[in-house]
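Q: The structure's right below; bear with me while I get my questions together.
2 protein chains.
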Amino acid sequence: MKPIKEDRRVRMTKLILRDSLLELMKKKSINKITPTEICRQADINRNTFYSHYSSPYDLLMQIENALYEEIRQSIEQSLKAENISALLQEICQSIVKNGELCRIMFSDHGDKDFLKRIIYIAHDKSIAEWKSFTRHSDTEQLELLYTFTANGSVAIIQDWVQTGMKTPPGEIARFIEKASNHGLEAFLSPR
Amino acid sequence: MKPIKEDRRVRMTKLILRDSLLELMKKKSINKITPTEICRQADINRNTFYSHYSSPYDLLMQIENALYEEIRQSIEQSLKAENISALLQEICQSIVKNGELCRIMFSDHGDKDFLKRIIYIAHDKSIAEWKSFTRHSDTEQLELLYTFTANGSVAIIQDWVQTGMKTPPGEIARFIEKASNHGLEAFLSPR
DNA sequence: ATTATAACGAACTGACTGTTGTATATTATA
DNA sequence: TATAATATACAACAGTCAGTTCGTTATAAT
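Heads up: the protein sequence lines correspond to chains R and S, in order. Mapping of the first sequence onto this note's numbering: residues 1366 to 1556, in sequence order. Mapping of the second sequence onto this note's numbering: residues 1366 to 1556, in sequence order.
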């Protein structure tokens, strides 16, 4: 994909630009951040920015893709294990590992669809697993149910990250599973 | 609140600006739409725009607030009925009534938090109803569960609107209820 | 030490912003 | 219908930013 190794200066420049964008994203959303602003923050010539990225959004995408790839790889074994529960937990653990970055990415100024992209890694496996449970496999309805649970899960994780990831990842994963599988019912009066 | 009646010219100007913004929102998001662009579309002087709105976002907020108010009022009676199920259905029906507008507002270029705002009308009532079902009322957990179901519901409705609102509102409301109360379990093999 | 190239600095065009001042048109109403 | 109020149009302003170009300087790779 990439050339064997980038020039040391290039690596440094990209690193600074990356950090500068993330710093700015603590205060405002990507669509309010200008190239000029990033370069001011980074103390780097605007020209140099354009020689590496076409826009702030382009820079953000490269940051997101790198994080996505990292998370995807760290859950690869769980994907093979065919175990949704383990997969969910692995995702949460990966998020903890990249805590600082995730806190920015999942904040109000972050990309709201990025986390959804991660959760959707589990899509095919979930649908398949669900289908194995039932005979009347109404695919359309299961897809709709996946939309429901995926978006619910995203919201839970987002809330969890934004409030400092206090509860352990395993607990969050278990909560999501309960809510997905049994809904309100799972949280009613003691049996 | 408002003066008794606005000048006829003002009413017309605002209407045109509103329609022009919505027209543009079919193609791009609010943060990419400039005042200049709206005025070009509306064939109205930029000056005039600024005498009514401070920004495209300001205009959008006024559109949203009006829609929000309309929906809120039409479900007011359901709120009194203390019936979450009826409330959900009423929300879906209101959306159908404002179909064209909602299709824009809930699209990819729309405001992703607006629908969430509507769903959250049901927040207090839901939590209260849930609490009445259980003795061990762990409020924090119920709040988390509400986050889960609310965001799942928003996604379902969004999907429903974007795909042309083919299924009747009652059916959508019922699906959401099933998913919220029983999760996957509700859709498994026939009993 | 030499060569390649990354980063810088300055300058340019074009677009849009938010504001001001003035002229023109339309409305409300007496 | 004449008059006063005011909404809109038109024109011009300084300021910011976007991308791009070109020549210079600095730094890395070999």
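Quick reminder that beta carbons are idealized off the backbone N, C-alpha and C, glycines included. This structure is a prediction, so every number in the text was calculated from the model and none was measured.
#1: Would you kindly report the start and end of the unbroken alpha helix (DSSP H) that includes S/MET1530?
#2: Just to confirm my understanding: we take S/GLN1406, look at its own chain, exclude 5 residues before and 5 after, and list those with CB closer than 7 Å. What are they?
#3: So, does the CB of R/LYS1370 fall closer than 8 Å to a CB anywhere in chain S?
#4: Could you tell me whether the Cβ atoms of R/LEU1432 and R/ASN1463 are closer together than 8 Å?
#5: List, in order along the chain, the chain R residues whose C-beta lies closer than 9 Å to that of S/GLN1506?
#6: Can you look up S/HIS1474 in the DSSP assignment and give me helix, strand or coil?
#7: For S/THR1378, which option in S/ASN1430, S/ARG1482, S/HIS1417 has the closest C-alpha, if you only look at C-alpha atoms?
#8: Considering only residues of the same chain and omitting the five flanking positions on each side of R/ILE1403, which have a CB-CB separation below 7 Å?
#9: May I ask you to report which of helix, strand or coil DSSP gives S/ALA1451?
#10: Please classify R/CYS1533: is it buried, with 16 or more other beta-carbons within 10 angstroms of its beta-carbon, or exposed?
#11: Taking 8 Å as the CB-CB limit, is S/VAL1558 close to chain R?
#12: Please list, in chain order, the chain S residues whose beta carbon lies closer than 9 Å to that of R/ASN1396.
#13: Out of R/ILE1484, R/GLU1536, R/VAL1461, which one is the CA nearest neighbour of R/TYR1511?
#14: Can you name the start and end residues of the alpha helix (DSSP H) that S/TYR1422 belongs to?
#15: So that I know if they touch, is there some Cβ in chain S lying closer than 8 Å to that of R/THR1401?
#16: Can you tell me whether DSSP reads R/SER1443 as helix, strand or coil?
#17: May I ask which residues mark the beginning and end of the alpha helix (DSSP H) holding R/PHE1575?
#18: Just by C-beta distance, which residues in the stretch 1461-1486 of chain R are closer than 8 Å to chain S?
#19: Considering only residues of the same chain and omitting the five flanking positions on each side of R/HIS1547, which have a CB-CB separation below 8 Å?
#20: Is the stretch 1524-1538 of chain R touching the stretch 1488-1507 of chain S, taking contact as three or more C-beta pairs under 8 Å?
#21: Can you pull the chain R neighbours of S/THR1514, defined as C-beta to C-beta under 9 Å?
#22: State the Cα-Cα distance for the pair R/ARG1556 and R/ILE1521, rounded to the nearest angstrom.
#23: Closest Cβ-Cβ distance between R/ASP1524 and chain S: below 8 Å?
#24: Quick check: R/GLU1542 and R/SER1450, are their CB atoms within less than 8 Å of each other?
#25: In chain R, which residues lie with their C-beta within 8 Å of the C-beta of S/SER1510?
#26: Roughly how far, in whole angstroms, is the beta-carbon of S/THR1514 from the beta-carbon of R/GLY1517, given that I think they are within contact range, below 8 Å?
#27: Starting from R/LYS1379, follow the alpha helix (DSSP H) in both directions and report where the run begins and ends.
#28: Could you give the DSSP three-state label for S/ILE1398: helix, strand or coil?
#29: Could you tell me the distance, in whole angstroms, from the CA atom of R/SER1562 to the CA atom of R/CYS1457?
#30: Where does the unbroken alpha helix (DSSP H) through S/TYR1415 begin, and where does it stop?
#31: Is it right to say S/GLU1505 is buried, meaning 16 or more other beta carbons lie within 10 angstroms of its own, or is it exposed?
#32: Relative to the C-alpha of S/VAL1526, which residue among S/SER1491, S/LYS1370, S/CYS1467, S/ALA1544 is closest?
A: From the atom records:
#1: From DSSP, S/MET1530 is part of no alpha helix (DSSP H); its letter is neither H nor E.
#2: SER1385, GLU1388, LEU1389
#3: no
#4: yes
#5: PHE1540, PHE1552
#6: It is coil, neither helix nor strand.
#7: S/HIS1417
#8: LEU1382, SER1385, LEU1386, LEU1389, PHE1414, PRO1421
#9: helix
#10: This sequence places Pro at residue 1533 of chain R; Cys is not what is there. Classification of R/PRO1533: exposed, given that the 10 Å Cβ count is below 16.
#11: The structure shown does not extend to residue 1558 of chain S, since chain S is modelled only from 1366 to 1556, so the question has no answer here.
#12: SER1394, ASN1396, LYS1397
#13: R/ILE1484
#14: 1421-1439
#15: No, because no Cβ of chain S sits closer than 8 Å to the Cβ of R/THR1401.
#16: helix
#17: Outside the modelled stretch of chain R, which goes from 1366 to 1556, sits residue 1575 of chain R, for which no answer is possible.
#18: LYS1477
#19: For R/HIS1547, where only same-chain residues beyond five positions count, there are no Cβ hits under 8 Å.
#20: no
#21: Listed along the chain, the chain R residues whose CB falls inside 9 Å of the CB of S/THR1514 are PHE1513, GLY1517, ALA1544, GLY1548, LEU1549.
#22: In this prediction, R/ARG1556 has a pLDDT of 44, which is less than 50 and means its spatial position is unreliable; what the coordinates show is noted afterwards. Taking the straight line from one Cα to the other gives about 25 Å.
#23: yes
#24: yes
#25: Reading the sequence as shown, one finds Leu at residue 1510 of chain S and not Ser. The answer, in chain order, is ALA1544, LEU1549, PHE1552.
#26: 6 Å
#27: Boundaries of the alpha helix (DSSP H) around R/LYS1379: 1373-1390.
#28: coil
#29: Residue 1562 of chain R lies beyond the range of chain R shown here (1366 to 1556); nothing can be said about it.
#30: 1411-1417
#31: Burial state of S/GLU1505 is exposed, judged by a 10 Å Cβ sphere holding fewer than 16 other Cβ atoms.
#32: S/CYS1467
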